[in-house]
Each structure stands twice: as structure tokens, then as C-alpha cells.
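Trainee: When the letters of the sequence shown are read in order and numbered with my numbering, they come out as residues 15 to 330.
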Amino acid sequence: MRLILLGPPGAGKGTQAQRLVQKHGIVQLSTGDMLRAAVAAETPIGLKAKDIMASGALVPDEVVVGIIADRIEEPDATNGFILDGFPRTVPQAEALDDLLKQKRLKLDAVIELRVNESALLERVETRVAQMRERGEAVRADDTPEVLSNRLASYRAQTEPLVHYYSDKRKLITIDGMMSIEEVTEAINKVLAALAEADSAKEAKKDAKASAKRASVRKTSAKAKKAPAKAAKAAKKTARKAAKATAKKVAKKAKKAAKSAKKTVKAVAKGRKKLAAKAKSRAAAPKKGKSVSKGRKVAKKAAKKRVKAAKRLTKRR
Ligand code: AMP
Numbered sequence: 015m016r017l018i019l020l021g022p023p024g025a026g027k028g029t030q031a032q033r034l035v036q037k038h039g040i041v042q043l044s045t046g047d048m049l050r051a052a053v054a055a056e057t058p059i060g061l062k063a064k065d066i067m068a069s070g071a072l073v074p075d076e077v078v079v080g081i082i083a084d085r086i087e088e089p090d091a092t093n094g095f096i097l098d099g100f101p102r103t104v105p106q107a108e109a110l111d112d113l114l115k116q117k118r119l120k121l122d123a124v125i126e127l128r129v130n131e132s133a134l135l136e137r138v139e140t141r142v143a144q145m146r147e148r149g150e151a152v153r154a155d156d157t158p159e160v161l162s163n164r165l166a167s168y169r170a171q172t173e174p175l176v177h178y179y180s181d182k183r184k185l186i187t188i189d190g191m192m193s194i195e196e197v198t199e200a201i202n203k204v205l206a207a208l209a210e211a212d213s214a215k216e217a218k219k220d221a222k223a224s225a226k227r228a229s230v231r232k233t234s235a236k237a238k239k240a241p242a243k244a245a246k247a248a249k250k251t252a253r254k255a256a257k258a259t260a261k262k263v264a265k266k267a268k269k270a271a272k273s274a275k276k277t278v279k280a281v282a283k284g285r286k287k288l289a290a291k292a293k294s295r296a297a298a299p300k301k302g303k304s305v306s307k308g309r310k311v312a313k314k315a316a317k318k319r320v321k322a323a324k325r326l327t328k329r330r
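1. Check arginine 153 in the structure and name its three-state DSSP category.
2. Kindly list the residues whose CB is nearer than 6 angstroms to the CB of isoleucine 186, restricted to its own chain and excluding five residues on each side of it in sequence; keep chain order.
3. Are there any heavy atoms of ligand 1 lying less than 7 angstroms away from the beta-carbon of valine 152, as far as the coordinates show?
4. If we ignore side chains and look at the alpha-carbon of each, how far apart do valine 129 and glycine 190 end up?
5. Could you tell me if aspartate 155 is buried or exposed, where buried requires 16 or more neighbouring beta carbons within 10 angstroms of its beta carbon?
6. Mapping DSSP to helix, strand and coil, what is lysine 313?
7. Which word fits proline 174, buried or exposed, when buried means at least 16 other C-beta atoms lie within 10 angstroms of its C-beta?
8. If you draw a straight line from the alpha carbon of alanine 240 to that of alanine 252, how long is it in whole angstroms?
9. Three-state secondary structure (DSSP) at leucine 11?
10. So glycine 39 packs on asparagine 93, CB below 8 angstroms; how close in whole Å?
11. According to DSSP, simplified to helix, strand and coil, what is glycine 24?
12. Name the DSSP bridge partner or partners of serine 44?
13. Assuming leucine 19 contacts isoleucine 96 under a Cβ cut-off of 8 angstroms, what Cβ separation, rounded to an integer in Å, is found between them?
14. Taking C-beta to C-beta, are alanine 63 and alanine 52 nearer than 8 angstroms?
15. Taking C-alpha atoms, which residue in Ala247, Asp212, Ala54 lies nearest to lysine 120?
16. Using only the heavy atoms of ligand 1, determine whether one of them is closer than 7 angstroms to the beta carbon of methionine 67.
17. Report the rounded CA-to-CA distance for leucine 134 versus glycine 24, giving the unit in angstroms.
18. Using the three-state DSSP reduction, which class does glutamate 88 fall into: helix, strand or coil?
19. Give every residue of the same chain whose Cβ lies closer than 7 angstroms to the Cβ of tyrosine 179, excluding the five residues on either side of it in the sequence, and list them in chain order.
20. Does the Cβ of lysine 27 have 16 or more other Cβ atoms within 10 Å, making it buried, or fewer, making it exposed?
21. Identify whether threonine 103 lies in helix, strand or coil by the three-state DSSP scheme.
22. For leucine 43, which of Val230, Arg33, Gly99 has the nearest alpha-carbon?
23. Cβ of threonine 103 within 8 angstroms of Cβ of glutamine 30?
24. To which residues of the same chain is glycine 70 closer than 6 angstroms at the C-beta, ignoring the five residues directly before and after it?
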């Protein structure tokens, strides 16, 4: 898990970061602590940062970005980290984005602890007074005067990060004026919801990926079967065409047979008709012939009578 704790000095970032370290087994990376260690060790960075820190102003971006770039490379940070006090400016946030991108790491959330400035001043005053009472050393920048400067730096340079991360949908705002316990509880709740949403997203992604794999398998199996399928389809088409042609031919033949039958029938009918005609003609008396024959017989008889008459006359 990679988190950023955002909030003005005295909002309780350090306290909540320690609780998150215990709960999630990740490291707390506090640029303030690292710079104080560098100041104590009088390293070149420490010497450069010492006076700036004491005034409540911000150390140059390139110095803190360099420190963080080296620190997140260390093995204990591979499991995750909580950035406490970094980034504090928009250029630092952009540099962090680049760093995470290069390492292909994802920022899970930015938790903003929102507090009331005047309440903060009261808190610091009380804490400083208690530490002094106990005889403990008070940080040079923990006085109410320096705190005013640090709050002014926060407003001017760090508060724009609220919009920066809100635009990136990474910001989670928690009321830092609640008790330490309540703030811890609220942070834990939010992180649990985030983890749940993340695992649901992962599950969805996995399901999508396996569905895609299954569809690729199906497509390739289909592609393998395609030639056989095409051949089958072609065979079917050919069979269909042959069937259609045979049907057509049979229909034509049937039609031809029908028409031939009709012709034969017509011829037979014609013949029958002719035969009947011939028969009836043969059975009927030949009118024309008998008349002429009758005439001929009559003529012959008349001729015979004339001849007999003539003979008679001759005899007389
Ligand atoms: P902190 O303990 O986080 O309040 O930091 C103490 C001081 O260290 C700040 O007032 C700054 O002067 C310096 N500092 C810590 N972190 C940063 C940062 N990210 N950018 C610039 N200065 C920082």
C-alpha cells in the first residue's frame, strides 16, 4: 500500500502514520525526520536545510525529491510506504508521480487530515507548555511563532495539493479535529473500503481477461473447423442444386408424358370417329348412285318399251 498523509503541521500526520505502519507493516517516510537527521549528522543536505527549517520555510524541492527518490529504492519500502510531509508543493507531487511511474508503482490514496488553524495553534501551545514543564527539549520550529510561518507556507504551497489529488480522484478527507482514536478508525474504514473496491476491480479484470481468453480459444477452434464447415456447406448446396434440377427434369418429363398421352388419345379419338363415320356411311343407302341407277333402269325399260312398240308397229 502506498499512501500520502496530507495536512498542516500539528494535524496529527506523524501519530496516524505510526499507527498505519503497525497495522499494515509498511514504512513511514517522513521528509521532516530525514531532514532533521541530516541536520543532526551535519551532512551537506543537513547544513543546507538547517536554517530554512528553523524559520518554518520549505527546503528546496530538488533536495527533498532527491531524498525521497533514494529512500523509496530501499528494500524496506518495496512492501509499501506512507509519505508523511511529502509532497509539500505541486512540483514535488509531479516529481513523485514521475518516480512512481518509472517504477510502475501505484499510489493508493492521499489522506488529508483537515484541521482548524486556530485549534492547531492552541494544540501546539499546550504541547510546548507540557514539554517545557516535563523539562523536555522543544523543537526549534515548534514554537507558536514559527508555527504561524509553517501554517502560512502550508496554505500557500501545500494546500493546492488538495485540488491536485482531488482531480486525480485520490483524495480522501478526514476530520482531523476528532480524537486520535476516531481519526485512526476513520482512516482504517476508508482504507478497508478502498481495498474492497480494489479487489472487486481486480476480480472484474480477471473475469474480463479469462472471458477474452475463452473467446480467443473459441475463435481459433472455429477457424480450425472452418474449412470442413465450408466443404460441408458446399456439399449441401450441390446436393440441393442436384435435387432441384432432378425435380425440374421429372416435372418436364411428366408434362411431356401427359401431353403425349393427350396426343395419343386425340389420335385414337380421331380414328374412332373416322371409323364410325365410315361405318355409318357404309350402312346408309347410296342415295346418289341408286337414283342414277333407277333412272338408268327406267331409261332402259323405256327404251325397251319403245323398241317393243316399234316392233309391234313393224308387225302391223
Ligand atoms: P515536518 O516535520 O514535516 O513538519 O517538517 C519540518 C520541516 O522540514 C518543514 O517545516 C520544512 O522546513 C522541512 N520539510 C519537511 N518536508 C519538506 C518538504 N517535503 N518540502 C520542503 N521542506 C520540507
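All residues carry an ideal CB built from backbone N, CA and C; glycine is no exception.
Mentor: Taking the definition as stated:
1. In the structure shown, arginine 153 sits in coil (DSSP, three-state: anything other than H, G, I, E or B).
2. Cβ within range, chain order: Ala123, Ile125, Val204.
3. Taking 7 angstroms as the cut-off, the C-beta of valine 152 does not count as close to any heavy atom of ligand 1.
4. Their backbone Cα atoms lie some 5 angstroms apart in a straight line.
5. When all chains shown are included, aspartate 155 counts as buried.
6. Helix, per DSSP.
7. The residue in question, proline 174, is exposed, as its Cβ has fewer than 16 Cβ neighbours within 10 Å.
8. So the two alpha carbons sit approximately 18 angstroms from each other.
9. What is shown of the chain runs 15 to 330, which leaves residue 11 out entirely.
10. Contact between glycine 39 and asparagine 93 is confirmed by a C-beta separation of about 6 angstroms, below the 8 angstroms threshold.
11. Glycine 24 falls in the coil class under three-state DSSP.
12. Serine 44 pairs with Asp98.
13. So it is a contact: roughly 6 angstroms between Cβ atoms.
14. For the 8 angstroms CB-CB criterion, alanine 63 and alanine 52 form a contact.
15. If we check each option's Cα against that of lysine 120, Asp212 comes out closest.
16. At least one heavy atom of ligand 1 is nearer than 7 angstroms to the Cβ of methionine 67, so yes.
17. When the Cα atoms are used, leucine 134 and glycine 24 turn out to be separated by approximately 6 angstroms.
18. DSSP places glutamate 88 outside both helix and strand once states are collapsed to three, so it counts as coil.
19. Listed in chain order, the non-local C-beta contacts of tyrosine 179 below 7 angstroms within the same chain comprise Val124, Leu185, local neighbours out to five positions each way being set aside.
20. Lysine 27 is buried by the Cβ-count criterion.
21. Coil at threonine 103, not helix or strand.
22. Comparing C-alpha distances from leucine 43 to each of Val230, Arg33, Gly99 shows the shortest one belongs to Gly99.
23. Contact: no.
24. Taken in chain order, the residues that qualify are Asp155, Val160, Asn163, Arg164.
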